[in-house]
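Read the structure below first, then the notes.
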Amino acid sequence: METDKLDIPVIWPDYFEDCEQCIDRLRETLTGMDGMHGVTIDASHRIIELSYDKDLLTFEEIKERARLLGVTVAERFKHKSIQVIGLDCPDCAMKLETAVKRLAGVAWATLNYATSVLIVEFEPQKIELKAILKRVRDFGYDYEITGAVEEPRAKGRAPRSARLVLTFISGLLLGAGGIAWALGASPTLFSAFFIASAVCGGIFAARTGFLSLRGLALDTNFLMTAAAIGAIALRDYSEAAAVMFLFSLGSTLEAYTVDKTRKSIKSLIEAVPTSASVRRNGRIETVALEDIEIGEIVLIKPGEKVPVDGTVVDGESTVNEAPITGESAPRDKFKGSAIYAGSINGRGALEVRTTSTTDDNTLARIVHMVEEAQAQKALSQRFSETFGRYYTPVVIALAVIIGAGGPFLFGGPYHQWIERALTLLVVSCPCALVISTPVAIVAAIGNAAKSGILIKGGAHLEALGDVSIAAFDKTGTLTKGKLSVHDIVPFNSHSVEEVLAAAAAVESRSEHPLADAIVRKATEEGVAEPHVSFFEAFPGKGARAVVDGEAIYVGSRRLIEELGIDLPGTTAIAELLSHGSTVVYVADPRSLWGAIGAIDTLKENTVDAIRRLKTVGIRRTVMLTGDTAQTGRAIAKQLGIDEEHAELLPEDKLAKIRELSAGRNSVAMIGDGINDAPALAAANVGIAMGGAGSPTAIEAADVALMADDIAMLPYAVDLSRRARRVIRQNVSFALIAVIILVSGALLRYVTLSTGVLGHEGSALLVIANSMRLLKPRNV
């Protein structure tokens, strides 16, 4: 466990300093985070003192949790993503990550072997980026980083093609030595073949091991090299050659297969061209994407990839948004339509006004978040790394004891104990266990991203795979959120026109989806809108306004009942409710004017999505809505949802999520990510819809469906459950392999070469099993 202590300046609302409950809530929220050891808040100086486990909790997670309470962490820390080039073993990744974490001024660092991305948060006042990059170079790696002025790079590790060639030569020399030995050639000849094979197969491993040793770390490369040198010292040249050839071959194959998972995110990056046709000064110019400014007009020809986020200003076409949203059906685009970088234009030509820079468009945000998500460590990965942190030094110590003390304690030839010790060195790095989780997570998150699903980390992937209850907000999630008025029932001698005019006047100042429907209906009917001199909203209930000098209320049954007005139990209202209509009432402080019924259309595929959720293992579906109980029941029945909870205020939805999460239930909350942020945060997994068009939705949730459609939700759940199964298989297999290899080495059933074969073979099998998650599957 590596604990870090930080004093963090924060920015919070002014009322916080006079609100002890607010300070206590912030302290309790942060203290309740897994891995947080201590929280002290200095309210007068606006500083939070934190003590937390850097292996269990990231600084980004702390900032996000504070942000949900209205507290912003001051920009004291910088955040950099560094692509480490030439990372060739999972154990090396752990050693480099640990070395970077130990630098003074580094708040948090993580290096995922499966992606080769090192993410670092550091205090520029205490450490410069150059010092972090120097630590990477000290381990012999090259790097790529965006937006930094860098010193000339170190040459870095060997190109993979060179290593492949030398591995091939090592294999040929090993084979030649074996043939020479079988034919009874001179020992000098076949020994020379074996030594040359060991040198060719081990030259890069030896160099890498030396660089790691210089960084005070013992990685797999060093241990394999030490074993080969020991074998040569014992004149067991064939074993030395076999160790280095098999290790080099295994490492090369391992790097090749892991690259397959890395390409899942690279394919997203390649979805955008490097330049675009821009209208400037009356001419069409080809301009690099990074030079295009917001507001410029970009021309997109038929069949071209869309280079920018923007709004169509001229032309019509169909656009394939599958690279962004995962939706296979092309979307019609015309003047005023939003369009996303990475989409593919159809047969029409479009002119688009850019609305964001290249670094901040939808695809860039997705790529950035996927890279960060792939770097986040799941609980099972933390177990594997913790196991490896203790396992390796214990086995190395055991090897030293056996090699040095075996002949004296148990008797027998000295060289046999040395061979046994060298074999233990070969199997002392549990590489298969270390990569059992991260490779699976990278493959699953990459698969999800290509399908229009953004899962923000391995912990969230595992949590989604454990969900048993799915709770949905109704409006905008299960329904289109675009209501239309279909009936108006007047009361107390008021006319339909009076009811509609009064309601439209009040709702003209409101932002509720129903308000737009009422105002639109009044416009369609040509109803004149009265003068409004005052407006007040009652969240979750309705609104009040002064219309032509008279107070008018428009809202739910609860609001009208709070006014002390009795609602008539008429057949007309009962019929509205039975059809799933949302009913609002119009009243003055003394009497009811009328009721307005509006209906919200269900989204396409919603019924099918609910059905498929149950087939992938969701035991219970729940709908949360602010509508009346009758409306909620009608819609839940149409969708096949197990239970509904109606007439809920935002705080009621939050309480209901906490109630559903009681016991061992794992709950996913699905909403729009904007109005449902508290409920999303309270659920075990928060899932936001429509992430492609809403950065807020992406930020608010653990999982974001880039399309505004729940059709991909069953796929996300199924993929997460598959990932959990694969991770369990990988961890179980890797632990069994460790037990067999160590036991075999101690009992002399495993030789140096078979130890290497088992070590590399188990890692390759784990990778191959994880790669199954790259393949899409129909659900």
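Just so we're aligned, residue 0 is where the sequence shown starts under numbering that gives the first Met the number 0, counting upward by one. All C-beta atoms in this analysis are idealised placements derived from N, C-alpha and C, irrespective of residue type, glycine included.
Can you check which of these residues, the options, is closest to residue i by C-alpha distance?
i	options	result
residue 666	342, 471, 634	471
residue 281	290, 295, 733, 274	295
residue 244	342, 232, 493, 227	227
residue 482	511, 496, 488	511
residue 475	739, 46, 689	689
residue 324	207, 744, 452	452
residue 572	492, 543, 488	488
residue 455	115, 710, 686, 209	686
residue 363	448, 117, 636	448
residue 77	279, 677, 131	131
residue 256	770, 775, 776, 774	770
residue 631	473, 677, 25	473
residue 540	549, 547, 554, 116	554
residue 115	340, 45, 739, 141	141
residue 478	506, 722, 171, 597	597
residue 236	760, 81, 206, 751	751
residue 516	762, 442, 536, 595	595
residue 242	624, 162, 763, 169	169
What is the rounded straight-line gap between the Cα of residue i and the Cα of residue j?
i	j	result
residue 523	residue 360	37 Å
residue 520	residue 484	6 Å
residue 634	residue 579	6 Å
residue 718	residue 51	32 Å
residue 671	residue 622	14 Å
residue 196	residue 231	12 Å
residue 745	residue 419	7 Å
residue 552	residue 525	22 Å
residue 508	residue 652	25 Å
residue 403	residue 128	44 Å
residue 153	residue 409	Residue placement at residue 153 is flagged as unreliable, the pLDDT there being 42, under the threshold of 50; a coordinate-derived value is accordingly withheld.
residue 610	residue 619	11 Å
residue 705	residue 210	43 Å
residue 772	residue 399	40 Å
residue 45	residue 700	27 Å
residue 56	residue 31	12 Å
residue 497	residue 710	42 Å
Leaving out five residues on either side along the sequence, give the residues of the same chain with a beta carbon under 7 Å from the beta carbon of residue i.
i	result
residue 276	283, 285, 297, 298
residue 229	417, 421
residue 175	192
residue 303	344
Ignore the nearest five residues each way along the sequence and tell me which others in residue i's own chain have a CB closer than 6 Å to its CB.
i	result
residue 390	429
residue 104	121, 122, 125, 126
residue 89	112, 430, 433, 434
residue 396	none
residue 465	665
residue 405	416
residue 586	552, 559, 564, 592
residue 480	474, 512
residue 218	90, 91, 94, 211
residue 547	529, 530
So, at 8 Å on beta carbons, what are the nonlocal neighbours of residue i in its own chain, with the 5 sequence-adjacent residues on each side left out?
i	result
residue 165	199, 200, 202, 203, 247
residue 288	271, 272, 273, 274, 275, 306, 307, 357
residue 615	713, 716, 717, 720, 778
residue 538	648, 649
residue 426	394, 737, 740, 741, 744, 749, 754, 757, 758
residue 500	521, 526, 527, 528, 529
Identify the continuous beta strand (DSSP E) that holds residue i and give its terminal residues.
i	result
residue 748	Where residue 748 is concerned, there is no enclosing beta strand (DSSP E), given that its DSSP letter is neither H nor E.
residue 471	468-472
residue 275	274-279
residue 785	There is no way to answer for residue 785, as the model of the chain reaches only from 0 to 778.
Since residue i is in the alpha helix (DSSP H), which residue starts that stretch and which ends it?
i	result
residue 637	628-638
residue 93	89-100
residue 223	219-232
residue 459	457-464
residue 413	413-425
residue 556	556-561
residue 679	676-681
| Sufficient close CB pairs (3 or more, under 8 Å) joining the stretch 344-354 to the stretch 297-317 | yes
| Looking at C-beta atoms only, is the number of pairs between the stretch 586-595 and the stretch 555-569 that lie closer than 8 Å three or more? | yes
| query | Counting pairs of beta carbons, one from the stretch 523-535 and one from the stretch 631-645, are three or more of them closer than 8 Å? | reply | no
| message | Tell me whether the stretch 93-101 and the stretch 126-145 touch, counting them as touching only if at least three CB pairs, one residue from each stretch, are closer than 8 Å. | response | yes
| field | Touching by the beta-carbon criterion (3+ pairs, under 8 Å), the stretch 727-736 and the stretch 434-441 | value | yes
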